[in-house]
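Step one of this worksheet: look at the structure below.
In this note's numbering, the protein residues as written are 408 to 522.
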């Protein structure tokens, strides 16, 4: 059974930093890409960043230059380094892993940016 477990969320002041982790376990198969999304109450889930199997990264305009997605294949883990956090970055952050057949999701981790 495939499981994705996010960690690293919490409360941080504006301008601060957090690093989210997403560890995958189970037999996933060939991964096409890993991604982070976020969701705030009353809004649709929003794409944040992607890293492909080849290492290519892409970011939403709202986080470009502030967030960095990376991975550790040996640990089967994807990270999201978040710097210069703003109140509008508040939300539940989800990681996903996509293969040719399935897209797997984690349970989410809360990030709150507030003074």
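Where is the CB? At the ideal position from N, CA and C, for every residue including glycine.
These figures come from a predicted structure and were not determined experimentally.
Checklist entry - Going by the CB atoms, is the gap between residue 440 and residue 481 shorter than 8 Å? => result For residue 481 and residue 440, no; Cβs fall outside 8 Å.
Checklist entry - Hey, would you say residue 478 sits closer than 8 Å to residue 486, going by beta carbons? => result Taking 8 Å as the Cβ cut-off, residue 478 and residue 486 qualify as a contacting pair.
Next on the checklist: Suppose contacts are defined by Cβ-Cβ distances below 8 Å. Is residue 520 in contact with residue 419 by that definition?
Outcome noted: Inclusion of residue 520 and residue 419 in the CB contact set at 8 Å is warranted, their separation being smaller than that value.
Checklist entry - Under a Cβ-count criterion, where at least 16 other Cβ atoms within 10 Å of its own Cβ denotes burial, should residue 513 be classed as buried or exposed? => result So residue 513 ends up on the buried side.
Next on the checklist: My output table needs one value for residue 496: the three-state DSSP class, helix, strand or coil.
Outcome noted: The DSSP-derived three-state label of residue 496 is helix.
Item to check | Through-space distance from residue 518 to residue 454, alpha-carbon basis | outcome: Going by the C-alpha atoms only, they are around 15 Å apart.
Checklist entry - Is residue 414 near residue 497, with beta carbons less than 8 Å apart? => result No, these two residues do not count as a Cβ contact at 8 Å.
Checklist entry - Counting along the chain, where does the beta strand (DSSP E) carrying residue 408 start and finish? => result The continuous stretches of beta strand (DSSP E) do not include residue 408, and DSSP gives it neither H nor E.
Item to check | Same chain only: Cβ atoms within 6 Å of residue 511, ignoring 5 sequence neighbours per side | outcome: In the same chain as residue 511, and ignoring 5 residues on each side of it, the C-beta atoms closer than 6 Å to its own belong to 409, 411, 504, in chain order.
Next on the checklist: Once DSSP output is grouped into helix, strand and coil, what is the label at residue 476?
Outcome noted: Assigned with DSSP and collapsed to three states, residue 476 falls in strand.
Checklist entry - Taking the alpha-carbon positions, what's the residue 464 to residue 458 distance? => result If I take the Cα positions, the gap works out to 4 Å.
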